[in-house]
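K.L.:
Which chain is which? The protein sequence lines are L and S, in order.
Per the numbering used here, the first sequence runs over residues 7 to 549.
Per the numbering used here, the second sequence runs over residues 7 to 549.
A single structure is presented below for examination.
There are 2 protein chains.
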Amino acid sequence: MVVTLGLHPLTSSFLSPATLSPGWTSVRRQDRRLRYFSVHKAAGSSSSSLETVAGNQKSKAQERVITPISEDFNAWYLDVIANAELADYGPVRGTMVIRPYGYAIWEAIQDYLNLKFKETGHSNMYFPQFIPYSFIEKEASHVEGFSPELALVTIGGGKELDEKLVVRPTSETIVNHMFTQWIHSHRDLPLMINQWANVTRWEMRTKPFVRTLEFLWQEGHTAHATDEEAEHEALQMIDIYTKFAYEQAAIPVITGRKSKVETFAGALRTYTIEAMMGDRKALQAGTSHHLGQNFSRAFGTMFTDVNGERQYVWQTSWAISTRFIGGIIMTHGDDAGLMLPPNLAPVQVIIIPIWKKTNEKDVVLDAATSVKQSLSAAGIRVKLDDSEQRTPGWKFNFWEMKGVPLRVEIGPRDVANGSVVISRRDVPGKEGKAFGISMEATTLVAYVNQKLIGIQSALLERAISFRDRNIVDVSSYDELKESISLGKWARCPWSASDKDELRVKEETGATIRCFPFDQPKGAKTCIMTGNPADEVAIFAKSY
Amino acid sequence: MVVTLGLHPLTSSFLSPATLSPGWTSVRRQDRRLRYFSVHKAAGSSSSSLETVAGNQKSKAQERVITPISEDFNAWYLDVIANAELADYGPVRGTMVIRPYGYAIWEAIQDYLNLKFKETGHSNMYFPQFIPYSFIEKEASHVEGFSPELALVTIGGGKELDEKLVVRPTSETIVNHMFTQWIHSHRDLPLMINQWANVTRWEMRTKPFVRTLEFLWQEGHTAHATDEEAEHEALQMIDIYTKFAYEQAAIPVITGRKSKVETFAGALRTYTIEAMMGDRKALQAGTSHHLGQNFSRAFGTMFTDVNGERQYVWQTSWAISTRFIGGIIMTHGDDAGLMLPPNLAPVQVIIIPIWKKTNEKDVVLDAATSVKQSLSAAGIRVKLDDSEQRTPGWKFNFWEMKGVPLRVEIGPRDVANGSVVISRRDVPGKEGKAFGISMEATTLVAYVNQKLIGIQSALLERAISFRDRNIVDVSSYDELKESISLGKWARCPWSASDKDELRVKEETGATIRCFPFDQPKGAKTCIMTGNPADEVAIFAKSY
């Protein structure tokens with residue numbers, strides 16, 4: 007068998023600039039399937055009872071299909087994505103197919119954010135993805151930031167086009183072109199819209215979810231009469247993202263302002279949520295830009311104010327993308343695979359029926375179906391894995407790897423007792439296992455809901471603790487260098503120049519992730535210049 | 007004022023092959039706004055009471071911003087889209103910006119279909135939009151059908167690409183590339199997925215919603231072990247589309263099979279729903295294809311069957327797009343503008359508060375707000391137009407033009423009586439107006455719900471009657487020609503050749519829309535050849 011095979015070649019393939027060779031993926035798939043099969047066989051043959059299988063998981067870690075985190079974080083990440091069937095590689099270098107299980111997480115993200123956007127007065131709409139090349143050139147820093155990453159359509163309907171078309175990398179330019187036609191008076195403001203769309207950036211180093219040539223996102227765009235209103239909007243949206251990260255994804259992001267160097271191409275100010283991944287690298291997980299009047303001046307987006315004077319509008323834009331799914335994987339996952347926060351998990355509860363003798367089958371399946379109906383009726387996302395091709399042990403591993411928060415086990419003795427066994431994904435072994443939970447609908451639903459809430463907050467607490475253990479206050483550049491070399495985030499007073507900031511990047515690989523909103527009190531001295539500093543900044547290596 | 011201005015130049019601009027000149031659109035916008043203002047002024051000045059304004063609508067038709075249907079159907083269509091703010095033109099020829107009110111209709115379509123797709127076992131996912139050019143060439147009739155319409159990316163990240171990338175016109179090729187990697191055994195079948203995505207087809211003659219260079223759609227793709235299963239799936243999906251059209255959009259489509267000439271490039275059989283628009287042209291509003299093994303043979307998509315033998319999978323694909331919104335506009339709209347079926351209307355009920363004296367304002371607005379809350383709590387999509395810049399008369403016209411099914415009017419006398427006035431969008435004048443409907447929540451909600459259901463079925467009945475008046479059974483080619491020249495659909499027994507079918511198209515402009523599932527009984531004789539025919543076909547001019 008292939009149990010001892012090393013890492014499969016996902017890493018190198020995704021980074022390779024060449025289109026995949028045709029035979030490559032099917033080899034990988036077969037490899038993956040066979041490895042699963044090996045886990046199944048091992049689990050089934052080495053144990054006489056299911057309790058043994060479940061309790062035995064640690065000793066079987068070496069048989070797993072997933073590279074241990076400690077061995078190679080990147081390989082672990084790619085293994086989780088492949089084995090949990092979250093995504094696969096598209097035929098064009100750097101593109102990604104989002105598979106149903108991964109897409110269901112995206113749908114959960116959409117459902118939550120869509121509601122929040124509408125509650126705060128935004129309407130969904132849709133802009134074309136083809137942008138005349140000349141538009142991109144109108145805002146000077148915007149073109150500088152995006153022109154190296156553009157995909158260009160030059161042929162349409164068999165003919166060379168007069169003007170090249172940009173496949174949108176972001177939509178500020180085309181949005182402003184339209185806003186200019188829709189906005190006339192102060193009564194047309196604020197104009198607050200959002201679109202869910204695909205965007206394309208010709209990235210050289212790609213990684214599933216985190217950085218792909220094409221990705222899905224939402225992009226909000228607003229126009230306001232005053233600087234203050236636009237600032238309020240930009241802050242409101244980064245606050246919605248922050249709450250989403252904490253409450254839904256259980257990711258304790260650090261929210262703050264980007265440095266000038268890291269500000270979005272064309273913005274006055276960029277606000278960001280920065281998440282610490284399991285390898286302690288930072289992931290920029292969402293941004294909200296105060297665009298000032300940069301685009302309105304470039305596109306002539308003006309309104310007549312209450313005094314009858316013509317003014318340029320003040321604007322914002324803000325986005326969260328499928329990259330966030332990468333953040334969820336890398337925040338919560340462990341050696342067993344994915345671990346999903348209950349609020350976003352496509353399957354919150356997996357039911358595994360267990361029987362040995364044929365005469366036990368019907369009674370167990372009936373009970374399992376009834377339990378499923380009770381939970382489902384209560385709005386819990388539940389799945390019953392009643393397939394007969396796999397042993398319960400194999401299913402335990404499989405759904406654990408898929409990150410399902412709770413597992414309900416039902417065997418003949420449970421049915422006789424009117425109870426079930428419930429295991430938490432986030433607490434391994436006996437400690438996470440509760441026996442004798444009543445099958446009676448009210449009791450069971452209450453128990454499951456309480457546990458789901460418990461898991462949601464346990465994931466957040468664990469992530470907060472991990473984050474806080476790995477952010478260090480430093481008071482000199484040497485200390486900063488040391489912390490970064492240890493893989494940590496360094497927090498320090500900072501008022502030095504852009505040039506100094508770039509020097510830190512060159513010498514340590516770390517960048518300013520943000521000036522956090524949450525600032526320590528008291529006088530501060532810049533670690534680089536010794537001058538007074540108004541704020542602390544957080545430096546870290548990032549994706 | 008600009009009341010007497012002729013058609014604004016939407017028609018020619020959208021069809022023009024050149025990118026719009028920069029100044030054009032703002033002129034159009036101003037024009038549109040001024041015309042509205044003129045309606046407002048007229049309504050406000052010519053009437054001493056609101057009843058007069060509302061009852062006076064017919065005489066004001068000439069002041070409307072919308073070209074009468076009888077005068078120019080295409081101009082009427084474009085006026086409705088512009089004035090109801092459903093969509094606007096993108097900067098690139100043939101592209102369209104879907105504005106919030108239009109997008110909300112799309113969201114209603116998505117909500118309904120998404121549920122039906124999931125209920126029937128399909129999962130959402132996402133495929134990349136860039137397809138290697140070589141993929142398109144693999145299925146012979148597919149490349150022939152699509153190659154004239156392709157948009158090609160030739161430059162990425164500043165470099166000429168080795169292989170041109172097709173911006174997806176449809177995804178069968180890339181789907182099969184991936185299915186080939188995911189499907190191994192009969193246990194992997196059926197594989198049933200769907201994606202909501204944008205697609206690009208380089209159309210020369212474009213029209214908002216109906217035919218645009220880029221559009222939004224859902225495309226379902228499935229793979230099955232047998233011909234029968236794929237056939238069942240293709241039929242199941244056209245059935246879901248048919249039910250959607252009748253029950254949600256109130257569009258009485260004719261469902262049937264396409265002729266060989268009109269079958270999708272790469273399919274064995276195409277099923278279609280054909281809708282009759284207000285100008286009696288046919289709109290292909292949704293299709294479901296049985297692809298047979300055409301793509302699986304081209305891409306080597308095989309599985310091991312229960313006997314251990316390798317077989318090619320049988321496949322389907324099916325789609326509905328934003329074109330459907332054009333179908334809704336052109337089925338139900340009238341000279342006053344849009345008319346939306348309640349099930350898909352973003353706003354089902356508009357509340358217009360009416361007061362003259364300042365001391366009446368608060369009491370009317372309080373009552374209006376309370377009515378809004380009652381309806382909203384009952385799940386009715388309701389909006390209160392409490393803006394003070396417009397007269398009630400202007401608002402009546404505006405929301406009528408936006409196609410809102412029901413209007414609730416509340417004035418001081420109504421508040422005193424504890425009642426409201428309710429008007430139906432689909433029944434003009436006094437006949438559609440009910441006075442003295444109690445404000446009490448239970449009574450009001452019941453009344454509104456009953457009326458919404460009534461409007462939904464009235465729209466369908468009216469459309470069925472219109473459709474049936476305009477389909478003629480013909481028994482000779484001369485009769486067919488005459489019916490088509492009168493703008494009607496012609497139904498006739500047909501067993502002639504593809505060549506004969508193309509001859510009809512050349513000579514009359516009509517094509518076979520479908521061989522309807524609903525076939526008359528009895529022996530049939532082909533109108534072209536005099537040979538026996540198994541089926542009747544429907545010929546019509548189409549979009």
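For every residue, glycine included, the Cβ atom is placed at its ideal position computed from N, Cα and C.
Got a sec: is the Cβ-Cβ distance from L:W500 to anything in chain S below 8 Å?
P.N.:
So, not an interface residue.
K.L.:
Does the Cβ of L:L346 have 16 or more other Cβ atoms within 10 Å, making it buried, or fewer, making it exposed?
P.N.:
L:L346 comes out buried.
K.L.:
Per DSSP, L:E551 is paired with what?
P.N.:
This structure cannot settle anything about residue 551 of chain L, because the visible part of chain L is limited to 7 through 549.
K.L.:
For L:H190, name the three-state secondary structure that DSSP assigns.
P.N.:
If DSSP states are grouped into helix, strand and coil, L:H190 belongs with coil.
K.L.:
Would you say L:R3 faces chain S, with C-beta separation under 8 Å as the test?
P.N.:
In the structure as shown, chain L starts at 7 and stops at 549, and residue 3 of chain L therefore has no counterpart that could be examined.
K.L.:
Please list, in chain order, the residues of the region 472 to 500 of chain S that have any C-beta partner in chain L closer than 9 Å.
P.N.:
Hits within the stretch: zero.
K.L.:
Counting contacts by CB-CB distance shorter than 8 Å, is S:Y318 in contact with chain L?
P.N.:
Not closer than 8 Å to any Cβ of chain L, the Cβ of S:Y318 fails to qualify, so no.
K.L.:
For S:R329 versus S:A273, is the C-beta spacing smaller than 8 Å?
P.N.:
Taking 8 Å as the Cβ cut-off, S:R329 and S:A273 do not qualify as a contacting pair.
K.L.:
Which complete alpha helix (DSSP H) runs does the region 266 to 319 of chain L hold, if anything under 4 residues is left out?
P.N.:
Those alpha helix (DSSP H) runs which fall completely within the region 266 to 319 of chain L and span 4+ residues are 300 to 305.
K.L.:
Does L:Y3 come out as helix, strand or coil in the three-state DSSP assignment?
P.N.:
Nothing can be reported for residue 3 of chain L, as the shown portion of chain L is limited to 7 through 549.
K.L.:
Tell me, please, whether the region 104 to 120 of chain L touches the region 233 to 241 of chain L by the rule of three or more beta-carbon pairs shorter than 8 Å.
P.N.:
Too few Cβ pairs lie closer than 8 Å, so no.
K.L.:
If you run the structure through DSSP and keep just helix, strand and coil, what is L:A255?
P.N.:
Three-state DSSP puts L:A255 in coil, outside helix and strand.
K.L.:
What is the rounded straight-line gap between the Cα of L:R419 and the Cα of L:L371?
P.N.:
Their Cα atoms are separated by approximately 13 Å.
K.L.:
CB-CB under 7 Å to S:Y109, same chain, minus the five flanking residues each way: which ones, in chain order?
P.N.:
Cβ within range, chain order: n/a, list empty.
K.L.:
How many angstroms separate the CA atom of S:P352 from the CA atom of S:W405?
P.N.:
For S:P352 and S:W405, the distance between alpha carbons rounds to 12 Å.
K.L.:
Closest Cβ-Cβ distance between S:D85 and chain L: below 8 Å?
P.N.:
So, not an interface residue.
K.L.:
List the whole-angstrom C-beta distance separating L:G226 from L:F123, where the pair is believed to meet the contact cut-off of C-beta under 8 Å.
P.N.:
Their Cβ separation, rounded to whole angstroms, is 7 Å, which keeps L:G226 and L:F123 in contact under 8 Å.
K.L.:
With a cut-off of 8 Å, do at least 3 Cβ pairs link the region 474 to 482 of chain S to the region 492 to 499 of chain S?
P.N.:
Enough Cβ pairs lie closer than 8 Å, so yes.
K.L.:
Which class does L:G332 belong to by DSSP, given the choice of helix, strand or coil?
P.N.:
Looking at L:G332 - three-state DSSP - the assignment turns out to be helix.
K.L.:
With DSSP collapsed to three states, give me the class of L:G164.
P.N.:
In the structure shown, L:G164 sits in coil (DSSP, three-state: anything other than H, G, I, E or B).
K.L.:
Mind checking S:N349: buried by the 16 CB within 10 Å criterion, or exposed?
P.N.:
Per the 10 Å Cβ criterion, buried.
K.L.:
State the DSSP-derived secondary structure class of S:M386, mapped to helix, strand or coil.
P.N.:
Note on residue identity: the sequence assigns Ile, not Met, to residue 386 of chain S. Three-state result, S:I386: coil.
K.L.:
As a quick exercise: from S:R207, S:R431 and S:S503, pick the residue whose alpha carbon is nearest that of S:E268.
P.N.:
Among S:R207, S:R431 and S:S503, the Cα nearest to that of S:E268 belongs to S:S503.
K.L.:
If you run the structure through DSSP and keep just helix, strand and coil, what is S:G435?
P.N.:
Coil, per DSSP.
K.L.:
Do you know how far the Cα of L:E150 is from the Cα of L:F43?
P.N.:
With a pLDDT of only 31 at L:F43, under the threshold of 50, the placement of this residue in the model should not be trusted, and no figure is reported.
K.L.:
In this structure, how does DSSP classify L:T535 when only helix, strand and coil are distinguished?
P.N.:
The answer is coil: DSSP assigns L:T535 none of H, G, I, E or B.
K.L.:
For the putative contact between S:F136 and L:T101, defined by C-beta atoms under 8 Å, what is the C-beta separation to the nearest angstrom?
P.N.:
That belief holds up - the Cβ atoms of S:F136 and L:T101 are roughly 6 Å apart, short of 8 Å.
K.L.:
Can you grab the Cα-Cα spacing for the pair S:T531 / S:W188, in whole Å?
P.N.:
Taking the straight line joining both Cα atoms gives about 48 Å.
K.L.:
Could you check whether the region 210 to 218 of chain L touches the region 176 to 192 of chain L, counting it as contact only if at least three pairs of C-beta atoms, one from each stretch, sit closer than 8 Å?
P.N.:
No, because fewer than three Cβ pairs between the region 210 to 218 of chain L and the region 176 to 192 of chain L fall closer than 8 Å, the two stretches do not touch.
K.L.:
Return yes when the C-beta of S:F330 is under 7 Å from any heavy atom of the ligand ADP, and no when it is not.
P.N.:
This structure does not include the ligand ADP; it has no bound ligands of any sort.
K.L.:
Does S:A2 pass the burial test, meaning 16 or more other C-beta atoms within 10 Å, or should it be called exposed?
P.N.:
Residue 2 of chain S falls outside the range modelled here, since chain S spans only 7 to 549, and no answer is possible.
K.L.:
Identify the contact partners of L:W208 in chain S, using a Cβ-Cβ distance below 7 Å as the criterion.
P.N.:
The answer, in chain order, is G162 and G163.
K.L.:
When you compare the region 154 to 161 of chain S with the region 154 to 172 of chain L, are there three or more beta-carbon pairs, one atom per stretch, that lie closer than 8 Å?
P.N.:
In short, these stretches touch, since the Cβ pair count reaches three.
K.L.:
From the DSSP output, in three-state form, read off L:W208 for me.
P.N.:
DSSP places L:W208 in coil when its eight states are reduced to three.
K.L.:
Do you know offhand how far S:A93's Cα is from L:G460's?
P.N.:
Taking the straight line from one Cα to the other gives about 46 Å.
K.L.:
Are the C-beta of S:F136 and some C-beta of chain L separated by less than 8 Å?
P.N.:
Yes, because at least one Cβ of chain L sits closer than 8 Å to the Cβ of S:F136.
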